[in-house]
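Okay, structure first, notes after.
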Amino acid sequence: MITNSSAIVLKRFPYGESSIISRCFVRNNGKLSFIVHGARRKKSPRSAHFQPINCLDLVYYYKSSKNLQTISKSSFANTWKNISQNFKKITFSMALLELTDKCLGENDPHVDLYDELFNALYTIDNNKKNDNLIFWYYQYQLLNKLGFKPDFSLKDQSNIPLPNPYGSTNSKIIFDCFEKNNSGFDEDLSLSPKDRKIISNYLNTCIKIHFEGVDSFKSLKFMKDTMG
Numbered sequence: 001m002i003t004n005s006s007a008i009v010l011k012r013f014p015y016g017e018s019s020i021i022s023r024c025f026v027r028n029n030g031k032l033s034f035i036v037h038g039a040r041r042k043k044s045p046r047s048a049h050f051q052p053i054n055c056l057d058l059v060y061y062y063k064s065s066k067n068l069q070t071i072s073k074s075s076f077a078n079t080w081k082n083i084s085q086n087f088k089k090i091t092f093s094m095a096l097l098e099l100t101d102k103c104l105g106e107n108d109p110h111v112d113l114y115d116e117l118f119n120a121l122y123t124i125d126n127n128k129k130n131d132n133l134i135f136w137y138y139q140y141q142l143l144n145k146l147g148f149k150p151d152f153s154l155k156d157q158s159n160i161p162l163p164n165p166y167g168s169t170n171s172k173i174i175f176d177c178f179e180k181n182n183s184g185f186d187e188d189l190s191l192s193p194k195d196r197k198i199i200s201n202y203l204n205t206c207i208k209i210h211f212e213g214v215d216s217f218k219s220l221k222f223m224k225d226t227m228g
C-alpha cells in the first residue's frame, strides 16, 4: 500500500550503479530500509534528501513482508540551520542516530521516541551549549520509551553492577530532572568533568545491559580523538 509519514534519515549505503539504500526512522512505521532509485545521479534531488540527520516527508510503498520499501516522493520536512556548521553539533547528532539505529528493531513503531529524537535534534540545532545534556536526556528517554526506564535505587541489574548515579550533587539534580521528563536545561548547571563522567557512565551501562552491540559510539569517539 502507498502511505506517507515524516522520517529522520539514520544511515545510507550505495546500491548498484545509481541507487542507495537508506535506513530511516519513520514516525508511523518505526525503522525501515528504503531503496531510493537514481539517488546517486548528479541531477537527482534525492541525493540531498537522503543524508543522515535530515528530516523528510515521505510518500512510499509499504509492505510489511518486504525488507526494502520503495520511495515514491520525498521532500524536506525541516531544515537544520546550525548543525551542519558546527563539528560538535554534527557529532552529537550522529551519535543520536547511531544510538537509535542500534537499539530499534525493524517495523517497530515508536511515535513517542520519534518525537523525542526530533526534539533532541531541534534543541541541538537551536541551542549554543550543553549538547551533551541533550544526548544524555535522549538516552534516558530511549530507555524509558522502550520499556527499560532506569531505576536509580538499584545497585545492579542482570548481575551487572551499576555505577552510582548520584555520585555528585549535579548528577543527582540532572537525573531528578530526567525522572520528571525535564531535560535539565532550565537548571543552567555548570557541569564538571566528574559530573559528566558519572552521568555518561551510568546511562551507557544501562544501555549496554539492555541492548547488545552498543558498546560505544563511533561519533563521540571520533570527536574525542580529534579534539582531545
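Its first residue numbered 1, the sequence shown is counted upward by one per residue in the working numbering.
Think of the CB as a built atom: it goes at the ideal place given N, C-alpha and C, for glycine as much as any other residue.
Per DSSP, residue i forms a beta bridge with which residues?
| i | result |
| --- | --- |
| Val214 | For Val214, which the question treats as bridged, DSSP gives no partner whatsoever. |
| Phe76 | Leu56 |
| Thr3 | Tyr60 |
| Gln69 | Phe34 |
| Ile8 | Phe25 and Cys55 |
| Pro161 | Asp156 |
Return the CA-CA distance between residue i and residue j, expressed in angstroms with no decimal places.
| i | j | result |
| --- | --- | --- |
| Ser75 | Asn182 | 32 angstroms |
| Lys43 | Thr169 | 55 angstroms |
| Asp115 | Gly16 | 33 angstroms |
| Thr91 | Asn144 | 23 angstroms |
| Met1 | Ser84 | 35 angstroms |
| Trp80 | Ile198 | 31 angstroms |
| Asp186 | Asn132 | 15 angstroms |
| Ala120 | Phe135 | 7 angstroms |
| Asn28 | Ile8 | 12 angstroms |
| Pro52 | Leu10 | 5 angstroms |
| Ser263 | Asn126 | Because the chain in this structure spans residues 1 to 228, residue 263 falls outside the shown range and cannot be described. |
| Cys55 | Asp195 | 32 angstroms |
| Pro45 | Lys129 | 33 angstroms |
| Ser22 | Phe34 | 5 angstroms |
| Ser65 | Gly30 | 14 angstroms |
| Pro150 | Asn67 | 33 angstroms |
| Phe148 | Thr70 | 33 angstroms |
| Tyr137 | Leu146 | 14 angstroms |
| Ser18 | Phe118 | 29 angstroms |
| Leu113 | Leu99 | 12 angstroms |
| Leu96 | Asn201 | 16 angstroms |
| Leu203 | Leu154 | 13 angstroms |
| Tyr57 | Asp215 | Reading the sequence as shown, one finds Asp at residue 57 and not Tyr. For Asp57 and Asp215, the distance between alpha carbons rounds to 32 angstroms. |
| Cys24 | Phe87 | 22 angstroms |
Can you name, in chain order, every residue of its own chain whose Cβ lies under 7 angstroms from the Cβ of residue i, other than the five neighbours on each side?
| i | result |
| --- | --- |
| Ile20 | Arg12, Phe13, Pro14, Val36, Ala39, Arg40 and Phe50 |
| Leu191 | Asn170 |
| Gly213 | Lys102 |
| Ile124 | Ile83, Lys89, Phe92, Ser93, Asp131 and Ile134 |
| Tyr122 | none |
Between which residues of its own chain and residue i is the CB-CB distance below 8 angstroms, once the five residues before and five after are set aside?
| i | result |
| --- | --- |
| Phe243 | The displayed coordinates of the chain run from 1 to 228. Any statement about residue 243 would go beyond what the structure contains. |
| Asp188 | none |
| Ile173 | Gly184, Glu187 and Leu189 |
| Pro193 | none |
| Pro163 | Ile198, Asn201, Tyr202 and Thr205 |
Might you give, ordered along the chain, the residues of its own chain that have their beta carbon closer than 6 angstroms to the beta carbon of residue i, omitting 5 neighbours on each side?
| i | result |
| --- | --- |
| Tyr140 | Phe178 |
| Thr3 | Tyr62 |
| Val59 | Asn4, Ser72 and Lys73 |
| Met227 | Any answer about Met227 is weak, because its pLDDT of 43 lies below 50 and its placement is not dependable; what the coordinates show is given next. Excluding residues within five positions, none has a Cβ falling inside 6 angstroms. |
| Val26 | Ser5, Ala7 and Leu32 |
| Leu104 | Lys31 |
Query - Start-end ranges of the beta strand (DSSP E) lying completely within the segment 12-45, minimum 3 residues - result: 19-26 and 30-36
Report task. Counting only runs of 4+ residues fully inside the segment 97-159, write out the alpha helix (DSSP H) ranges in chain order. Result -> 111-126 and 131-145
Query raised in the report: Are at least three pairs of beta-carbons, each pair with one atom in the segment 75-94 and one in the segment 105-114, less than 8 angstroms apart?
Result: no
**Report entry** Any 3 or more C-beta pairs closer than 8 angstroms across the segment 200-210 and the segment 152-164
**Finding:** yes
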